[in-house]
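K.L.:
The following block contains the structure, expressed as structure tokens.
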Amino acid sequence: MKKKWHSSDFRRATKRALYAESTVPKRRRWIQKTLGGLFIFWLLSQAITPWTGLHKWERALPEFESKLADEKLQDANAWIIGSSTVLHHIIPNQLDSATKAHHLKWYNFGVQRSAPPESFYLAHELIDSPEANELKVLVFELQPEELLAWEDVSNLRNTAQLNLIESQRRIRYLPWQAPNKFHQNLEQSRILAWGWVQHVVAFLRPAKHMQNREKPMNRSSEKGFIELKESDWRTGRLASSHSKWANAKDSLMNHQVFIAQDFDYRKTLPDPTINWDCDGRVKPILGQMEILLNKCEKNGIQCIFHFQNLWDTNGCIYYSAIEKWGNHHVLESMGYAGNEALYHKGDRYDETHLLRSGAKKFTKILGESLNLILNDTNKKEE
């Protein structure tokens, strides 16, 4: 029998008796509220963070910012983008003379520890900048993607690239098909996920991020080129590698020669990548190369990919790139033949970085290779 409510009943009734009880379990309601709160916080972050400009590349990399502000950049119509092996190896003034017939003025956009996907982001940032209006040639140094470390997870330089779409892309393109890489990929996924969280919450503590920025190196007057000297004292990786080199120059140089000669030998094989670990690790880089190449062509810029060091999967990437685009867009200096001058102990700061004497030799060889490509381009245009 249906209960009849009287006024006195309402005073005694509990809230639960007056309203229909929700059929949604408490745990699910809590999850829904939590997700809703997180979504609102994410929207807030999307609105506030761009306004602060915290994740702009100029702020994340003071070294990059200082190069954009360099007055000598205004006169350049050819850029070289890469890591420390561009920063310390390529002398723009010397390259100007080498490519004088093509009316090119070069600028060195080497940034320390700049590896994919960061280097690709910097390249796109540069092409979109007003400074690129007169750009004719872009040389892009290729390296494999560098593994992320927990120590860098909240670094402004690292989080600058980690929006949600980029985090998903990098997780999706981890070498899941590569043998014995599952646990490494899982760890990289965790770092990427937490790095994205740091990106989202960065606007809550901008002062801390700005204090932890890497300080730019003292700029030289040589259009972005920074000379390494034997007496230079460095920190981090360069300090460690320099010490290692000083204690074992002969064996380390012999090792570099062996690697370079092995690369030359592989060119003669039906499968030059035999016994290399290439599975699942080439496609992500090739995809980014293609996007950059298409963007350059759209803007009337000649894009040339340069392979300087035979690190990790770089050989795999090179052979796939040369097959896809040919010599018109791809060049390398990883072999020994023709590059013998680069293998002198006195020209090296460590196993893979050159002193000025080595940089002069390297720039000369690079200039000759670039001229071959540029001459071929001019013939095709005629």
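In this note's numbering, the protein residues as written are 32 to 413. Heads up, the beta-carbon is just placed ideally off N, CA and C, and yes, glycines get one too.
1. Taking contact to mean at least 3 C-beta pairs separated by less than 8 Å, is the region 71-81 in contact with the region 120-137?
2. Express the C-alpha separation of I202 and I222 in angstroms, rounding to a whole number.
3. Excluding the 5 residues preceding and the 5 following E197 in the sequence, name in chain order all residues of the same chain whose CB lies nearer than 8 Å to its CB.
4. Can you tell me the Cβ-Cβ gap for G141 and N189, rounded? I've got them flagged as a contact below 8 Å.
5. Could you check the C-alpha separation between Q229 and V184 for me, to the nearest Å?
6. Helix, strand or coil for I335? Go by DSSP, reduced to three states.
7. Within a Cβ cutoff of 8 Å, which residues of the same chain sit near L317, ignoring the five residues on either side of it in sequence?
8. If I measure Cβ to Cβ from H375 and keep anything under 6 Å in the same chain, skipping five residues before and after, which residues do I get?
9. Using DSSP bridges, identify the partner residues of V416.
10. Name the DSSP beta bridge partners of N139, please?
11. Going by the CB atoms, is the gap between L323 and F171 shorter than 8 Å?
12. Identify which residue in N330, S400, A390 and K410 has its Cα closest to the Cα of N124.
13. Using three-state DSSP, classify V313 as helix, strand or coil.
14. Count the C-beta pairs between the region 202-212 and the region 297-315 that are closer than 8 Å, then say yes if the count reaches three, no if not.
15. Assuming the contact rule is C-beta atoms closer than 8 Å, S114 and Q63 should be a hit. Round their C-beta distance to whole Å, please.
16. Just verifying my parser: in three-state terms, what is the DSSP assignment at E253?
17. Run the CB neighbour count on N409, radius 10 Å, all protein chains shown included, and call it buried at 16 or more, exposed below.
18. What is the DSSP secondary structure of R379, reduced to helix, strand or coil?
19. Given L283, which residues of its chain have a CB within under 8 Å of its CB, disregarding the five upstream and five downstream residues?
20. Using a 10 Å radius around the Cβ and a threshold of 16 neighbouring Cβ atoms, would you call S271 buried or exposed?
21. Taking the alpha-carbon of A279 as reference, which of D302, Q215, R379 and F213 has the nearest alpha-carbon?
22. Run through DSSP, which three-state label would L341 get?
23. Do the CB positions of L126 and T394 come within less than 8 Å of each other?
24. Kindly list the residues whose CB is nearer than 8 Å to the CB of P237, restricted to its own chain and excluding five residues on each side of it in sequence; keep chain order.
25. L99 by DSSP, collapsed to three states: which one?
26. Can you tell me whether DSSP reads V184 as helix, strand or coil?
27. I need the boundaries of the alpha helix (DSSP H) containing E218, first residue and last residue.
28. By a C-beta neighbour count over all protein chains shown, 10 Å radius and 16 as the cutoff for buried, is H120 buried or exposed?
29. Reducing DSSP to helix, strand and coil, say where L104 ends up.
30. State the Cα-Cα distance for the pair F95 and W88, rounded to the nearest angstrom.
31. Taking the straight line between their C-alpha atoms, what separation do you get for K329 and A129?
32. Would you tell me roughly how many angstroms separate the C-alpha atoms of S211 and L217, rounded to the nearest one?
33. By alpha-carbon positions, which one of P161, D343, I79 and H273 ends up nearest to W307?
34. From N406 to E399, what does the alpha carbon distance come to, in whole angstroms?
35. How far does the beta strand (DSSP E) with E363 in it extend, from its first residue to its last?
P.N.:
Straight from the coordinates:
1. no
2. In a straight line, the C-alpha of I222 is about 10 Å away from that of I202.
3. The residues are P148.
4. About 19 Å separates the two Cβ atoms, so there is no contact after all.
5. Pairing Q229 with V184, the inter-Cα distance amounts to about 8 Å.
6. Three-state result, I335: strand.
7. I348, S351, A352 and K355
8. none
9. Residue 416 lies beyond the residue range present for the chain, which begins at 32 and ends at 413; the question has no answer from this structure.
10. I111
11. yes
12. A390
13. coil
14. yes
15. The Cβ separation is near 46 Å, so there is no contact.
16. strand
17. Answer is exposed; the Cβ neighbour count stays below 16.
18. strand
19. Sequence-distant Cβ neighbours of L283 in its own chain, meaning closer than 8 Å and more than five residues away, are K275, W276 and E382.
20. exposed
21. R379
22. coil
23. The criterion of a C-beta distance shorter than 8 Å is satisfied by L126 and T394.
24. T83 and L85
25. Helix.
26. coil
27. F213 to V232 is the extent of the alpha helix (DSSP H) around E218.
28. buried
29. The three-state secondary structure of L104, taken from DSSP, is helix.
30. 7 Å
31. 27 Å
32. With the sequence shown as reference, residue 211 is identified as Asn, and Ser is not the correct amino acid for it. So the two alpha carbons sit approximately 12 Å from each other.
33. D343
34. 11 Å
35. V361 to E363
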